[in-house]
Ligand SMILES: Cc1cc2nc3c(=O)[nH]c(=O)nc-3n(C[C@H](O)[C@H](O)[C@H](O)COP(=O)(O)OP(=O)(O)OC[C@H]3O[C@@H](n4cnc5c(N)ncnc54)[C@H](O)[C@@H]3O)c2cc1C
Ligand code: SF4
Ligand code: FES
């Protein structure tokens, strides 16, 4: 597998500009002859589809929800970063770049990150022009807050619904292009395979989720914007439909899968209560700006919070990390919570959790200010748990939230398959081993509005428009395989729902490949996953047929892919013999429990290549080079 | 606790539907309503029967996917909540719970509780946007927007497009949904150039999609999980009058 980053050499400040000048352009009169498939209508996919259509390309867009407006991006709460330096607090493109590389624990490609920081400022302009109602100050200017471990206030936000407002902005731009006939939208349609013709991605096979019809779609290039794979853990903060199917199918057609073990745990989620839960709910990280995290000093002390006197409380983040305190990055905060609970300081009876307390903030700022800042989050918490954070501290615990890993892409966002582009959370992204808060929305929109629309032209310019046809044998083969798989799922007629298998594999990878990983645990998981997979194919029950609306079939298809993917994720975690960012191997830690990187052996991205159904995936590497931000031990003390 | 659940089953758009009873369903008060349906579905699937079909995705009250009429109320009991955010603690042991799809001519049933709300997308396509080609935007802070205007536009922008307003309205009108978008964009300075064309085009698309007329019942506001206010309908009507007047002159 060839892993050419194609990132331009020379001064980093001008590399994106020089690259844009160097790449090929498609003649404006010819753009309307090209057809691009975009799968996914989240921030990345919707912004890309709208922009490609504005440029003149013909776009076919796909999503599995009933409307493009419902993509998982809608759920993002906290905000989006941009190096505007509106607060005059010393922010700059360089600082955002530096923070992102360091926050990612030196496992991202520097030049991509620098470009991301540069583009961040344009995103805000674009969104405001579309009518995205960002928070404003009394004078009418845009407001910012500090977020997720940043020492500057560079996060733009829209109450607790930044994702919704940004997505609606992109969705509206997409809708305009749909009305103009430049985008053909296919909602309630699921990608089930990518079609590669003579080494180039030229189409996809889909299933209409209403009628069950299997269809071939041909184009000159294919873009995947299908989001992350966090639901491999079953319980996560992701929407129920999030899946690995699109990227996993592409992997099996030759796209390298990079760093699958880089998964992010979010420290502030509502803890698991009981075993009926279908998902976990995130409480925005912004809560840590004013909330204080603590546990009782005494092991096994499960008195109600208000009965535990001040001197018996351990504000452990403030104690362990005096500089950053409650604002340490996500991975650090998550592991500290795990450690406290493992040592017996949990505050959830029969479960795991720590307190996030607003008492001091309410005293300092007054109830009104706290209500203005966090009212809607408090309401959400109360609705789910039945307790008001004004009266008693929230209980929180880490949960799977985001996946840094994804399909490998070069500087042009093209995967190892020609003409197959990957944007947003679906690619292995600019976040290295750990993503900073408010940076996923930034990356998705940077990819979709400002990077892909240029870089895809470099490829299209080499292709004859309309050169491929659905009559090619590659389409017939892919379609046959898709149909055979569906037939197999609906004809197994076992006794167990797909959801039950999903929970089982999810629990396994959470235990062995979650917040902390060990060699033994990972080996155990790697041995166990094929066994679950085998049982799945023998005993899954998918009632009904493939020829109608069938949600049991949709779930089963996704679980089948998770069951294959989980194994590669665990192998990646096993072979990365270091700790970095969200990947914490217990064998590799400093005496005080911090992640211990190995920059000599592992300053690379690991890229997994499919090698047929009977052989294990092959691990390749892309060496990372740090010319600007010299790797150092991350310290938030 | 145990509840009895009567769910609307309909195998396809043109099929005859009927209620199916699930009695003695074991639930915990902390379970969400949709998790209660999951419990029913896992059992159905394990026994080889087709699960109850319903839309949901975020399960956090923000994507607008979920929705059903529960005991006669769109999104079920309690105010300002989507169905995924209703918890079983809102019911009592032994209750019988009736679950039906959102019903409206413009929202045909696809299967069981799943309905086709694509008419909403068509309304947005007709004009629910501000034309701003990527790359052409001015500097974001070049045009300050007073906090009051920004906040009010925001209130309108919180609509999640769930369709409960339509399901709750005796006329199955989409006026609250349309007014929310018209107001969000129409209050902002960026939205002015297209303001009057937008309202006319969106209302025309709403009528074409088969939604009923608004006769000020106000049921929509009561059912809306985001508390979208009726005042936005008044605002829409003002814009509509102004648009007609402008066109005539
Ligand atoms: C609760 C929560 C809060 C968050 N808050 C923040 C925040 O404050 N700031 C921040 O920066 N980030 C945040 N994130 C992360 C961020 O929201 C996501 O990383 C980002 O929105 C992903 O966008 P995307 O466009 O890549 O994918 P998504 O929005 O996930 O969209 C995926 C699209 O692909 C489609 N799709 C997927 N598979 C298929 C298939 N097989 N066939 C057809 N279509 C398919 C879906 O229909 C959908 O349209 C948050 C995430 C969560 C879970
Ligand atoms: S106005 Fe309210 S009820 Fe109607 S679609 Fe919007 S959020 Fe749903
Ligand atoms: S599932 Fe998203 S609002 Fe209910």
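Chains as they are written, first to last, in this note's numbering: chain H, 11 to 647; chain A, 18 to 266.
Glycine included, each C-beta is placed from N, C-alpha and C at the ideal position.
None of these values were measured; they are calculated from a predicted model.
- Query: By the criterion of Cβ-Cβ separation under 7 Å, what are the contact partners of residue 188/A in chain H?
  - Reply: Taking the first residue of the second chain as 1, we reach residue 188/A at position 171. Those within 7 Å of residue 188/A in chain H number zero; the least Cβ separation is about 23 Å.
- Consult DSSP for residue 319/H and reduce its assignment to one of helix, strand or coil. In the first chain, counting from the first residue as 1, residue 319/H sits at position 309. It is coil, neither helix nor strand.
- Message: Would you say residue 351/H lies against chain A (beta-carbon separation less than 9 Å)?
- Response: To locate residue 351/H, count along the first chain from 1; it is residue 341. By this cut-off, residue 351/H is not an interface position.
- Whole-number beta carbon distance between residue 612/H and residue 588/H, since they are thought to touch under 8 Å: Locating residue 588/H in the first chain gives position 578, counting from the first residue. Locating residue 612/H in the first chain gives position 602, counting from the first residue. That belief holds up - the Cβ atoms of residue 588/H and residue 612/H are roughly 5 Å apart, short of 8 Å.
- Label residue 22/H either buried or exposed according to how many other C-beta atoms from any shown protein chain fall within 10 Å of its C-beta, with 16 as the threshold for buried. For this step, residue 22/H is matched to residue 12 along the first chain. Taking every protein chain shown into account, the CB of residue 22/H has 16 or more other CB atoms within 10 angstroms, so this residue is buried.
- Task: Count the other CB atoms, across all protein chains shown, that sit within 10 Å of the CB of residue 367/H; report buried if there are 16 or more and exposed otherwise.
- Result: Taking the first chain and counting its residues from 1, the one referred to as residue 367/H is at position 357. Per the 10 Å Cβ criterion, buried.
- Message: For the pair the region 168-185 of chain A and the region 237-247 of chain A, tell me if three or more CB-CB distances fall below 8 Å.
- Response: Contact between the region 168-185 of chain A and the region 237-247 of chain A is established, with three or more Cβ pairs separated by less than 8 Å.
- Item | Secondary structure of residue 62/H, DSSP reduced to three states | Counting from 1 along the first chain, the entry for residue 62/H is found at position 52. Secondary structure at residue 62/H: helix, using DSSP grouped into helix, strand and coil.
- Contacts that residue 161/A makes with chain H (C-beta to C-beta distance below 7 Å): Reading the second chain from its first residue, position 144 is the one you call residue 161/A. What residue 161/A touches in chain H: 149, 150 and 151.
- Message: Between the region 488-498 of chain H and the region 86-103 of chain H, can you find at least three pairs of beta-carbon atoms closer than 8 Å?
- Response: No, they do not touch.
- Comparing alpha-carbon positions, which option in 547/H, 567/H and 548/H lies nearest residue 556/H? As a first step, residue 556/H must be located in the first chain, where it is residue number 546. Checking every option, the nearest Cα to that of residue 556/H belongs to 567/H.
- Query: Can you tell me whether DSSP reads residue 245/H as helix, strand or coil?
  - Reply: Here residue 245/H corresponds to residue number 235 of the first chain, with the count starting at 1. Residue state for residue 245/H is assigned as coil, using DSSP reduced to three classes.
- Which of the residues in the region 301-319 of chain H, read from start to end, lie with their CB under 8 Å from any CB of chain A? Taking 8 Å as the Cβ-Cβ cut-off, the region 301-319 of chain H has no residue approaching chain A.
- Query: Between which two residues does the alpha helix (DSSP H) carrying residue 29/H extend?
  - Reply: Taking the first residue of the first chain as position 1, residue 29/H is located at position 19. Note, residue 29/H: alpha helix (DSSP H), 25-32.
- Determine the burial state of residue 421/H: buried for a count of at least 16 other Cβ atoms within 10 Å of its Cβ, exposed for fewer. On the first chain, position 411 is the one that residue 421/H refers to. The residue in question, residue 421/H, is buried, as its Cβ has 16 or more Cβ neighbours within 10 Å.
- Of the listed residues 264/H, 213/H and 442/H, nearest to residue 110/H (C-alpha basis): Within the first chain, numbered from 1, the residue matching residue 110/H stands at position 100. Nearest option by C-alpha distance: 442/H.
- Item | residue 245/A CB to nearest heavy atom of ligand 2 below 8 Å | Mapped onto the second chain, residue 245/A falls at position 228. Within 8 Å of the C-beta of residue 245/A there is at least one heavy atom belonging to ligand 2.
- Task: Could you work out which residues of chain H lie near residue 84/A, taking near to mean beta carbons separated by less than 7 Å?
- Result: Here residue 84/A refers to the residue found at position 67 when the second chain is read from its first residue. What residue 84/A touches in chain H: nothing, since even the nearest Cβ is about 11 Å away.
- Which residues, taken in chain order from the region 201-219 of chain A, show a beta carbon closer than 8 Å to some beta carbon of chain H? Correct list: 201, 202, 205, 207 and 208.
- Message: I'd like to know if the region 451-467 of chain H and the region 61-71 of chain H are in contact, where contact means that at least 3 CB-CB pairs between them fall below 8 Å.
- Response: Taking one beta carbon from each stretch, the region 451-467 of chain H and the region 61-71 of chain H have 3 or more pairs nearer than 8 Å; the two touch.
- Query: The beta strand (DSSP E) spanning residue 187/H covers which residue range?
  - Reply: On the first chain, residue 187/H is found 177 positions in, with the first residue counted as 1. Residue range 172-189 is occupied by the alpha helix (DSSP H) that includes residue 187/H, with no beta strand (DSSP E) assigned at that position.
- ligand 2 heavy atoms versus the CB of residue 193/A: any closer than 8 Å? The count along the second chain starts at 1 and reaches residue 193/A at position 176. Flag set: Cβ of residue 193/A near ligand 2.
- Chain-ordered residues of the region 40-54 of chain H with a beta carbon less than 7 Å from chain A: Taken residue by residue, none of the region 40-54 of chain H has a beta-carbon sitting less than 7 Å from a beta-carbon on chain A.
- Cβ of residue 82/H versus every heavy atom of ligand 1: is any distance shorter than 8 Å? Numbered from its first residue, the first chain carries residue 82/H at position 72. At a threshold of 8 Å, residue 82/H counts as near ligand 1, since its beta carbon sits closer than that to one of the ligand's heavy atoms.
- Message: If we define contact as Cβ-Cβ less than 9 Å, is residue 148/A a contact residue for chain H?
- Response: For the purposes of this step, residue 148/A is taken as the residue at position 131 of the second chain. Closer than 9 Å to some Cβ of chain H, the Cβ of residue 148/A qualifies, so yes.
- Within the present structure, is the beta-carbon of residue 144/A separated from the nearest heavy atom of ligand 1 by less than 8 Å? Counting from 1 along the second chain, the entry for residue 144/A is found at position 127. It does not: the Cβ of residue 144/A is nowhere closer than 8 Å to a heavy atom of ligand 1.
- Task: Note down, in chain order, each residue of its chain lying with its Cβ closer than 8 Å to the Cβ of residue 11/H, except the 5 sequence neighbours on either side.
- Result: On the first chain, position 1 is the one that residue 11/H refers to. If we look at residue 11/H and ignore the five residues flanking it on each side, its Cβ neighbours are 266, 426, 617, 619, 628 and 630.
- Proximal residues of chain A, C-beta to C-beta of residue 559/H below 8 Å: Counted from its first residue, the first chain places residue 559/H at position 549. Listed along chain A, the residues sitting closer than 8 Å to residue 559/H by beta-carbon distance are 29, 70, 127, 128 and 131.
- Message: Let's test the definition: count the other Cβ atoms within 10 Å of the Cβ of residue 27/H and tell me whether it reaches 16, buried, or not, exposed.
- Response: Here the question's residue 27/H lines up with position 17 in the first chain. By the 10 Å Cβ count, residue 27/H comes out exposed.
- Is residue 240/A close to chain H, meaning its C-beta is less than 9 Å from at least one C-beta of that chain? Position 223 of the second chain, counting from 1, holds the residue named residue 240/A. For residue 240/A, the answer is no, since every Cβ of chain H falls outside 9 Å of its Cβ.
- Item | Beta-carbon proximity check, residue 30/H vs residue 106/H, cutoff 9 Å | Here the question's residue 30/H lines up with position 20 in the first chain. Here the question's residue 106/H lines up with position 96 in the first chain. It is not a contact, given that the beta carbons lie outside the stated cut-off.
- Residues of the region 36-51 of chain A whose Cβ lies closer than 9 Å to any Cβ of chain H, in chain order: Cβ contacts with chain H come from 44, 45, 46, 47, 48, 49 and 51.
- Task: Check each residue of the region 265-291 of chain H: if its Cβ is closer than 9 Å to any Cβ of chain A, include it; give the result in chain order.
- Result: Listed by position, the residues of the region 265-291 of chain H near chain A (Cβ gap below 9 Å) are 283, 284, 286, 287, 288, 289 and 291.
- Heavy atom of ligand 2 within 8 Å of residue 5/A beta-carbon: Since the first and last residues shown for chain A are 18 and 266, residue 5/A lies out of range.
- Message: Counting only Cβ pairs nearer than 7 Å, list the residues of chain A close to residue 435/H.
- Response: On the first chain, position 425 is the one that residue 435/H refers to. Close to residue 435/H, with beta-carbon spacing below 7 Å, lies no residue of chain A; the smallest spacing is near 15 Å.
- Query: Hey, is residue 93/H's beta-carbon within less than 9 Å of any beta-carbon in chain B?
  - Reply: Judged by its chain identifiers, the structure shown contains no chain B, and its protein chains are H and A.
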